[in-house]
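By the count of numbering that gives the first Met the number 0, the sequence shown reaches residue 85 at its end, each step adding exactly one.
The C-beta atom is built at its ideal place from N, Cα and C for all residues, glycine as well.
Computed from a prediction, not measured in an experiment: that's the story for all the values here.
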Amino acid sequence: MKYFLIGLSAFFFVSCSPHNLQNSNMTPYEKGEKLFRIKCSSCHALPQKDKFASNQWDTILVKMSNKAHLRENEIHLIKGYLTNQN
């Protein structure tokens with residue numbers, strides 16, 4: 000059972016990897032949405048997109064980027080999704 004869970008975790012990690020987004024046909028908006036759901040929901044419930052203004056999302060994303068292991072391009076995609084700029 001232990002090895003099954005490790006294997007399942009590894010599969011989930013690879014299948015949800017941001018690297019898979021680079022080779023997809025998704026729009027930047029869709030990539031941002033997927034990243035938001037993958038990276039942010041692992042620690043807490045997802046806030047509503049309209050809960051914060053654009054400049055507030057900037058602050059939040061910078062603050063959370065270390066915890067969520069976000070790269071610069073991922074921050075940009077997530078912000079585009081949250082502020083409907085993609």
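Excluding sequence positions up to five before and after Gly31, its CB lies within less than 7 angstroms of the CB of Leu76, Ile77, Gly79, Tyr80, Asn85, all in the same chain and listed in chain order. In the three-state reduction of the DSSP assignment, Arg36 falls in the helix class.
Straight across, the Cα-Cα distance linking Ile74 with Ser64 is about 7 angstroms.
A straight-line Cα-Cα distance of about 23 angstroms links Ile59 and Thr26. Taking 7 angstroms as the cut-off, the beta carbon of Lys38 is found closer than this to the beta carbon of Ala67. In the assembly as shown, Leu45 is an exposed residue. Its beta-carbon has fewer than 16 other beta-carbons within 10 Å. Between the alpha carbons of Glu71 and Val61 lies a gap of roughly 9 angstroms.
His43: not part of any alpha helix (DSSP H); DSSP gives it neither H nor E.
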